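Written below as structure tokens is the structure these notes are about.
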Amino acid sequence: MFFTSVKSSHISSGAVALLVGYTGSIAVLFQLFDTLNLSQSQISDWMLALGIGAGVCSIIMSFWARQPLLAAWSTPGAALLAATYAGAPIAEVIGAFILCAALLILTGLSGLMAILSKLIPSSLANGLLAGVLFPFILACFNTLQTEPMLMLAMGASFVVTASWKPQLAIFVSLLFGLVYVAFSNTAVLPEHTSWALERPDFITPSFSLATMIGLGLPLYIVTMCSQNIPGIAVQQSFGYKPPVSMSLIVTGLVTAGLAPFGGFAFNLAAISASICAGPEADTDPNTRYRASVLAGVFYICVGLGGAAVVAIVLALPPALIAIIAGLALLNTFSSSLFQSLQHTKERLPALITFLITISGVSFWDIGAAFWGLLAGLILYHGTNHLRPIPQKT
Numbered sequence: 070m071f072f073t074s075v076k077s078s079h080i081s082s083g084a085v086a087l088l089v090g091y092t093g094s095i096a097v098l099f100q101l102f103d104t105l106n107l108s109q110s111q112i113s114d115w116m117l118a119l120g121i122g123a124g125v126c127s128i129i130m131s132f133w134a135r136q137p138l139l140a141a142w143s144t145p146g147a148a149l150l151a152a153t154y155a156g157a158p159i160a161e162v163i164g165a166f167i168l169c170a171a172l173l174i175l176t177g178l179s180g181l182m183a184i185l186s187k188l189i190p191s192s193l194a195n196g197l198l199a200g201v202l203f204p205f206i207l208a209c210f211n212t213l214q215t216e217p218m219l220m221l222a223m224g225a226s227f228v229v230t231a232s233w234k235p236q237l238a239i240f241v242s243l244l245f246g247l248v249y250v251a252f253s254n255t256a257v258l259p260e261h262t263s264w265a266l267e268r269p270d271f272i273t274p275s276f277s278l279a280t281m282i283g284l285g286l287p288l289y290i291v292t293m294c295s296q297n298i299p300g301i302a303v304q305q306s307f308g309y310k311p312p313v314s315m316s317l318i319v320t321g322l323v324t325a326g327l328a329p330f331g332g333f334a335f336n337l338a339a340i341s342a343s344i345c346a347g348p349e350a351d352t353d354p355n356t357r358y359r360a361s362v363l364a365g366v367f368y369i370c371v372g373l374g375g376a377a378v379v380a381i382v383l384a385l386p387p388a389l390i391a392i393i394a395g396l397a398l399l400n401t402f403s404s405s406l407f408q409s410l411q412h413t414k415e416r417l418p419a420l421i422t423f424l425i426t427i428s429g430v431s432f433w434d435i436g437a438a439f440w441g442l443l444a445g446l447i448l449y450h451g452t453n454h455l456r457p458i459p460q461k462t
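Quick note on numbering: the sequence shown equals residues 70 to 462 in the working numbering.
Right under this line is the structure:
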């Protein structure tokens, strides 16, 4: 029943979300792998765990809520781990992952996050989303300087198809891009690529108080602040009411199950989720969840391929990835920016949220999205109390 109702826009949106998810984080992941001194076999194991974890979470949450709830691994968490790892045994690192999972589950069971998410007004959610997407839009149009012919080919096909059948625009644009790459011979596949599917090794966790406090607790905080909070805001910006507690419990349980194989932390996606939650995925908001389900299936397939499939994805020119991501997010960016500035009384807090988010500032390893939203919330609720009370006549 599900696959018979799948549209081409669901497939293309799911595929683009996958591309954005991998290309936006793969460099950070391999930096982490290098810091942990993982072997090629271990890297394949960790990529398998991350792909399967993101896919399983996406499929469960999307089917459960009938919303485009896409999951991802914590890219800021990977950056944090790479920066703060002090040479602890890998078994203790796995123990820190399990602590993070337990804290995610406890947060979901307590319902605290669901209560906090209700304090985020729509204007700030849209301002945050516009700020998160801005670098992707900018990177897309910057390719006019580096790869003008590729950008013109993909951009022209996108515009022409969008005026005729918007749901096919991204698919056609990607097709044009792949044809251009094939004829220009600009794809570079690494010479030494292993195609074997290896059985993942289970790493028995060991629990050290120092490692859990030094790695596990910061990983949880960064995952919540830099990933889950923006992920919730993105869903709200599209008019959805995400089941926050259920999402945290699912991602926490999957993290706990896959932590011994390298699945360090899973969470609600923000940027890639906006591709599946936007009108390009489906004109009907009630059926956009099919795009995130398919994205989950694609994540599992790529995960099963391990490092070999990732190598194929990375063989594509960076410009093609930048262009297709920017075009896929263009309408969502313009809509979120417009809606964030629509109401005069909420314009300043939304604008501050947007500007701080695109600034890229980071404190205590927590990214700009959190600080932008925090500043916007303080300004939003603060100015409400500062406004004069109307006098009765």
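For each residue, glycine too, the CB sits at the ideal point set by N, CA and C. Since we're looking at a predicted model, the values are computed, not measured.
For the alpha helix (DSSP H) assignment, the uninterrupted runs of no fewer than 4 residues enclosed by the region 197-260 are, from N- to C-terminal side, 217-233 and 238-253. For Q111, the closest of L424, G331, V430 and T426 by C-alpha to C-alpha distance is G331. In the DSSP annotation of this structure, A339 is not part of any alpha helix (DSSP H), being labelled neither H nor E. With fewer than 16 other beta carbons inside 10 angstroms of its own, D353 counts as exposed. Residue range P387 to S409 is occupied by the alpha helix (DSSP H) that includes A397.
Pairing A140 with A384, the inter-Cα distance amounts to about 24 Å.
In this chain, the alpha helix (DSSP H) harbouring A302 covers I298 to S306. Taken in chain order, the complete alpha helix (DSSP H) segments of 4 residues or longer contained in the region 145-193 are 159-179 and 181-186. A86 and S341 have their C-alpha atoms spaced approximately 5 Å apart. Within the same chain, Cβ atoms closer than 7 Å to the Cβ of Y368 are found at L87, G120, A123, G124 and S127, the five residues on either side in sequence being excluded. Of the candidates S191, S94 and I129, S94 places its Cα closest to the Cα of M116. Residue environment analysis places A155 among the exposed positions, since fewer than 16 neighbouring C-beta atoms fall within 10 angstroms of its C-beta. For G429 and A437, the gap between their C-alpha atoms comes out near 5 Å.
When C-beta atoms of the region 417-428 are compared with those of the region 388-400, fewer than three pairs fall below 8 Å, so the two segments do not count as touching. Secondary structure at A140: strand, using DSSP grouped into helix, strand and coil.
About 20 Å separates the Cβ atoms of Q305 and A397, ruling out a contact at the 8 Å cut-off. Apart from the 5 residues on each side of it in sequence, G90 sits with its Cβ closer than 6 Å to the Cβ of A141 and S341 in its chain, given in chain order.
Judged by their CB atoms, L202 and T212 are not nearer to each other than the 8 Å cut-off. The residue among E349, R357, F423 and W440 with its C-alpha nearest the C-alpha of N400 is E349.
Membership of Y289 in the alpha helix (DSSP H) is indicated by the continuous run L286 to T292.
In the DSSP assignment, T320 falls within the alpha helix (DSSP H) that extends over V313 to L327.
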